[in-house]
Structures are given as structure tokens and as C-alpha cells.
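Peer 1:
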């Protein structure tokens, strides 16, 4: 699986070092995974929220941070759309980032 915008993850964990290990773990899992539909993701990340047709919100580090990912299942591509604190997440429209 291909992940676009890994740099956003790295830049975030450079500002928030406690997020590095959980974001690296998510990245590793997402690269290895063969997610073909949202249910595949929910089987691994039960706390992930499905938003719209192709967006998922992952809780990182016990709800301290949020990761919004758009997924193109047919092309097996994940696009990191947002990574931030819970407070910053509350200020965005998750369907349009």
C-alpha cells in the first residue's frame, strides 16, 4: 500500500515527540495492510471513525492526536490529509481537508 504525505507525519512528530512512536506504528501497519473496504480497517482499528465514503479518523496516542486519512481502495493509496492535536481537529471540517 502506498501512503502519500508521510512528510506531514514526520513534521508533526518533530513538534510533538510523544506522537512519533504511535505515528510510526500506524505508518508501518498501513503500508503492510491490504485494506479493501472500511470494515477491514475497523477490524484492526476499532476506534477509527469512518467519515464519508473514503475518509477515516484515527485516534493517536489515546485520543490526544488525530490523523485524518483519505483512502482510495481500488488504487490502494492512502492520503494523509490532517495530523494534529485534538483541539486542532475540532476546528477543521474533516470531510474537506
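Numbering (this note's numbering), first residue to last: 21 to 117.
Idealized CB from N, CA, C, for every residue including glycine.
Kindly indicate which residue of 44, 50, 106, 59 has the alpha-carbon position closest to the one of residue 82.
Peer 2: Numbered from 1 along the chain shown, position 62 holds the residue referred to as residue 82. The shortest C-alpha separation from residue 82 is found at 106.
Peer 1: Could you pull out every unbroken beta strand (DSSP E) segment of at least 3 residues lying fully inside the segment 65 to 117, listed in chain order?
Peer 2: 69 to 71, 75 to 80, 85 to 92, 97 to 105, all fully within the segment 65 to 117.
Peer 1: Please report the distance separating the alpha-carbon of residue 70 from that of residue 47.
Peer 2: The residue labelled residue 70 in the question sits at position 50 within the chain shown. The residue labelled residue 47 in the question sits at position 27 within the chain shown. Their backbone Cα atoms lie some 18 Å apart in a straight line.
Peer 1: Please identify the residue among 95, 110, 115, 34 whose C-alpha is closest to the C-alpha of residue 57.
Peer 2: Here residue 57 refers to the residue found at position 37 of the chain shown. Ranking 95, 110, 115, 34 by Cα distance to residue 57 puts 95 first.
Peer 1: What would DSSP say about residue 22, mapped onto helix, strand or coil?
Peer 2: Taking the first residue of the chain shown as position 1, residue 22 is located at position 2. Strand, per DSSP.
Peer 1: To the nearest angstrom, report how far apart residue 89 and residue 111 are at their CA atoms.
Peer 2: The count along the chain shown starts at 1 and reaches residue 89 at position 69. The count along the chain shown starts at 1 and reaches residue 111 at position 91. So the two alpha carbons sit approximately 17 Å from each other.
Peer 1: Less than 9 Å separating the beta-carbons of residue 99 and residue 91?
Peer 2: Taking the chain shown and counting its residues from 1, the one referred to as residue 99 is at position 79. Taking the chain shown and counting its residues from 1, the one referred to as residue 91 is at position 71. Cβ atoms of residue 99 and residue 91: closer than 9 Å.
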